[in-house]
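Going down the list, the sequences are from chains A and B. Okay, so the first sequence: first residue is 0 according to numbering that gives the first Met the number 0, each after it adds one. Okay, so the second sequence: first residue is 0 according to numbering that gives the first Met the number 0, each after it adds one. Glycine residues also receive a C-beta, built at the ideal position from the N, C-alpha and C atoms. Since the model is a prediction, treat every value here as computed from it, not as a measurement.
Protein chains: 2
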Amino acid sequence: MIEMEQALAAIYQRTEPRQAERLPLSQAVGRVLAEDILSDIDSPPYDKALIDGYAVLATDLRGGRGNFMVIDEVRAGDIPCEPLQSGMATRVMAGASVPRGADTVVPADRARMDDADGLPLVHLEEPQVRPGQHILPRGASLHRGQTVLAQGHRLAAIEIGILAEVGRLEVLVHPQPRLSVLAVGDQLVSAADYPGVGQSRNSTGPMLGALIQAAGGQAVDRGIALDTEPELTRQINQGFQEDALILCGSVTSDATDRVPRVLRDLGVERVFQGVRVSPGRTFWLGALGHARGRRFVFGVPDNPVSALVCFHLFVRPAITALAGYPVDEPARIQAQLADEYRQTGEHPSYHPVRLENQRGKTVVRLLDARGMPDLKTLASASGLAVFPAGQQDFAPGQTVSVMCF
Amino acid sequence: MIEMEQALAAIYQRTEPRQAERLPLSQAVGRVLAEDILSDIDSPPYDKALIDGYAVLATDLRGGRGNFMVIDEVRAGDIPCEPLQSGMATRVMAGASVPRGADTVVPADRARMDDADGLPLVHLEEPQVRPGQHILPRGASLHRGQTVLAQGHRLAAIEIGILAEVGRLEVLVHPQPRLSVLAVGDQLVSAADYPGVGQSRNSTGPMLGALIQAAGGQAVDRGIALDTEPELTRQINQGFQEDALILCGSVTSDATDRVPRVLRDLGVERVFQGVRVSPGRTFWLGALGHARGRRFVFGVPDNPVSALVCFHLFVRPAITALAGYPVDEPARIQAQLADEYRQTGEHPSYHPVRLENQRGKTVVRLLDARGMPDLKTLASASGLAVFPAGQQDFAPGQTVSVMCF
Chain A
0 MIEMEQALAA
10 IYQRTEPRQA
20 ERLPLSQAVG
30 RVLAEDILSD
40 IDSPPYDKAL
50 IDGYAVLATD
60 LRGGRGNFMV
70 IDEVRAGDIP
80 CEPLQSGMAT
90 RVMAGASVPR
100 GADTVVPADR
110 ARMDDADGLP
120 LVHLEEPQVR
130 PGQHILPRGA
140 SLHRGQTVLA
150 QGHRLAAIEI
160 GILAEVGRLE
170 VLVHPQPRLS
180 VLAVGDQLVS
190 AADYPGVGQS
200 RNSTGPMLGA
210 LIQAAGGQAV
220 DRGIALDTEP
230 ELTRQINQGF
240 QEDALILCGS
250 VTSDATDRVP
260 RVLRDLGVER
270 VFQGVRVSPG
280 RTFWLGALGH
290 ARGRRFVFGV
300 PDNPVSALVC
310 FHLFVRPAIT
320 ALAGYPVDEP
330 ARIQAQLADE
340 YRQTGEHPSY
350 HPVRLENQRG
360 KTVVRLLDAR
370 GMPDLKTLAS
380 ASGLAVFPAG
390 QQDFAPGQTV
400 SVMCF
Chain B
0 MIEMEQALAA
10 IYQRTEPRQA
20 ERLPLSQAVG
30 RVLAEDILSD
40 IDSPPYDKAL
50 IDGYAVLATD
60 LRGGRGNFMV
70 IDEVRAGDIP
80 CEPLQSGMAT
90 RVMAGASVPR
100 GADTVVPADR
110 ARMDDADGLP
120 LVHLEEPQVR
130 PGQHILPRGA
140 SLHRGQTVLA
150 QGHRLAAIEI
160 GILAEVGRLE
170 VLVHPQPRLS
180 VLAVGDQLVS
190 AADYPGVGQS
200 RNSTGPMLGA
210 LIQAAGGQAV
220 DRGIALDTEP
230 ELTRQINQGF
240 QEDALILCGS
250 VTSDATDRVP
260 RVLRDLGVER
270 VFQGVRVSPG
280 RTFWLGALGH
290 ARGRRFVFGV
300 PDNPVSALVC
310 FHLFVRPAIT
320 ALAGYPVDEP
330 ARIQAQLADE
340 YRQTGEHPSY
350 HPVRLENQRG
360 KTVVRLLDAR
370 GMPDLKTLAS
380 ASGLAVFPAG
390 QQDFAPGQTV
400 SVMCF
């Protein structure tokens, strides 16, 4: 048995992002950049009017007012015809290019048209005029050659806009990690079968597949382990087509020792077995050098709570590392317990909880059905409360740390 | 112009979930159920031992102790051979079926084997024995015929496990809404082109596409509107292949009035134009009766902040309604401003903000680059702060409401 920190270090030490692939922007959202992105343009590409109004020279507004001859009208997309000189104004629309010579935009609602002798004149009043007002100068947002997004950055929606802005149709990103799930246990039948006496349907396998997808991976459900060694060997070998294989079930207490023997024969190195954390005392990690690169085997207990906790503590970090995310701690919040809890374990415990709103305050409700919440109860969980090792009675109102899903 | 609540009501009134489709479990995560799910089994299907130990009759432990003859050993998946009688014990493993007659499991660490004359005997000491301890009774989690998940429930990972447990391989869910995006603006060029003077690349369109995906929809990028009416008509008609079309850009101030004319000719009814909210004063909604069902047109401003805000205020609710989610308000938190803010508008304002941690407290940092944050600044936004209509100076430390992304 090792400490949780050692287990995570062993996982991170062995996981690295997969070889980058090139994707069109429309498929890249959620992925992690495998290259630095430089801007090929200044943005805005011109001095840009931020509002509808009149572009003028600030010094022409003596005492905050002045009369101007309107020489041009520029909309977004238009090219201003001529540079502006003192005493002149150009009508500009929001988003338009401000003509050379102008340094100020006076809002349209401060203008009064005053057409004299057929010449378009405008009277502007702007008591507190500032040079540069309502103008976003060329390159204020991006300048050519600048790194706008760095390798390792996760691409959310706004980043997709940035990539389009700097002319990228495709981008180099890390592929989604692929994980397969194989359920192990003589009592298991598939969802397609009706369980006989002593049997139960494989529900933890499909749940783990969905957790993999929600964590940004691709899941391959390899069903339930078959009971002869040649068939089991074939199933596990198939699992090595993916980056990692989750064996879910009581692998180590398997009466016939079939799974451990097959793994040994396939050359899987046991990195660690058992972590000082509850649940998770039976979680183990195996590794295999493989023609297509390193492969992992995670041994996850079969009961839904233990599987969920082990997934969040150990498998999720492996998926994010394979996906190219920088190592980071999951979000934790501090909140007050709604229930009492007796911590008796010699290991830190993770307990499924629901965050509830109680008179405007967030409280932590323990989920429990006779000491072992079932899937139906678990469905309302919003995170895992962490209780440190040792004998301790927690009272309602005491503050605990919650790792949020 | 209408109020924001009226705009949302108009959207919800016209959006309903699309016709349900049947999907395998592995593709159903994130979808919304279009049927009630009943259990076809009791779960657990038998009285289940929660720990390794000995199944006995509680009344046999007089004074908290007793000697028992061990008649059987049952593992998960095994069927107990015979019912238990007084004075007998069955060795059970965690997950195993507790034999008929037993009502209690005594943990293995409270047992001492005591084989006399070749007969397997066990001495058990459990001072505070309770009938039913360490046993999850048959049907405690699910009982046959019970509704385990109701129509309208969103399927997260744990729900996928529940569906497998009740024997579902496929499930009836609402399809993902499909939205197309067409950028409108004479100044726009595609990311593939280098922008000339007065031009800029279409970045808001791809950003909206990624926002649609992140909100659970499917996005179809239809590029930039072409400048003749027949071509524009063809592009907009193509957009009606999807459930909704987002026209992004200064449609209404279009000098040539081309887009409004094409929409009118196509029979698009203008539901509302302009909402009393900032930004969003130019947001509009159109509707069209169509051979494939009702279609929507959203008119979204082209600048990234306005587009982002309008998306979150109006388009996202439409996507969730089309996806079958029950109407619900986005999560809002209350937190203190880190900066001062002068609210001068006659409408409520939504301002992009970043939530920051300041000495263990969450504070609200306004994102601003000269009154109009660019995409690069926006990328760090975690939500929108809401400032009510009217003249008001907000000081640092004042509490504001933040709609979180």
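Using a CB distance cut-off of 8 Å, A/L120 does not count as an interface residue toward chain B. Assignment of beta-bridge partners to A/F271 by DSSP yields A/L284. In the three-state reduction of the DSSP assignment, A/Q217 falls in the strand class. Non-local beta-carbon contacts of B/L377 in its own chain, meaning distances under 7 Å to residues more than five positions away in sequence, involve P303, V304, L307, P351, L366 in chain order.
Proximity of A/T89 to chain B, defined by a Cβ-Cβ separation below 8 Å, is not satisfied. In this structure, DSSP gives B/Y45 a state outside helix and strand, which the three-state scheme calls coil. Looking at the backbone, the Cα of A/V219 and that of A/A182 are separated by about 12 Å. Within the stretch 177–225 of chain A, the runs of beta strand (DSSP E) that reach at least 3 residues and sit entirely inside it are, in chain order, 177–182, 217–223.
Under DSSP, A/K360 forms a beta bridge with A/Q357. Think of a sphere of 9 Å around the beta carbon of B/G222: no beta carbon from chain A falls inside it, the nearest being about 11 Å out.
Check the Cα spacing between B/R13 and each of B/V261, B/V314, B/P174, B/G389: the tightest is with B/V314. Interface criterion met: the Cβ of A/M206 is under 8 Å from a Cβ in chain B. For the C-beta of B/Y45, the chain A residues within less than 8 Å are, from N- to C-terminus, V196, G197.
Between A/V170 and B/A213, the C-beta gap is not smaller than 8 Å, which leaves the two residues out of contact. With respect to chain B, the C-beta atom of A/G238 has no partner C-beta closer than 8 Å. If you check the CB distance, A/V270 and A/A9 come in under 8 Å.
Neighbourhood of B/P303 in chain A, by CB distance below 7 Å: G160, in chain order.
Close partners of B/V147 in chain A (Cβ separation under 7 Å): K375.
Of the residues assessed, B/A394 falls on the exposed side of the cut-off, its CB having fewer than 16 other CB atoms within 10 angstroms. Pairing A/A95 with A/A48 gives a Cβ-Cβ distance under 8 Å.
For B/D392, DSSP records a beta bridge to B/R341. Contact annotation: the stretch 38–45 of chain A touches the stretch 137–149 of chain A, with at least three C-beta pairs closer than 8 Å. Here the stretch 49–69 of chain B lies against the stretch 100–108 of chain B, with 3 or more beta-carbon pairs under 8 Å apart. Chain B places no beta carbon closer than 8 Å to that of A/Y53, leaving this residue out of the contacts. The C-alpha of A/G160 is placed about 6 Å away from the C-alpha of B/T203. Your pair B/P259 and B/P278 does not check out as a contact, with CB atoms roughly 20 Å apart and the cut at 8 Å. Assigned with DSSP and collapsed to three states, B/I235 falls in helix. Annotation: Cβ neighbours of A/L141 in chain B (cutoff 9 Å, chain order): D373, L374, K375. For B/L168, the secondary structure class from DSSP, reduced to helix, strand or coil, is coil.
For B/A88, the CB contacts under 6 Å within the same chain, skipping 5 residues up- and downstream, are Y53, V55, F67, V69, V121 in chain order. Straight-line spacing of the CA atoms in A/A163 and A/P44 works out to 14 Å. With contacts defined by Cβ atoms closer than 8 Å, A/Y324 and A/F386 do not form a contacting pair. For B/M112, the CB contacts under 6 Å within the same chain, skipping 5 residues up- and downstream, are V121 in chain order. Residues of chain A whose Cβ lies closer than 9 Å to the Cβ of B/I36 do not exist, since the nearest Cβ in that chain is about 11 Å away. At a cut-off of 8 Å between beta carbons, A/G166 contacts chain B. In the three-state scheme derived from DSSP, where H, G and I count as helix and E and B as strand, A/A334 is classed as strand.
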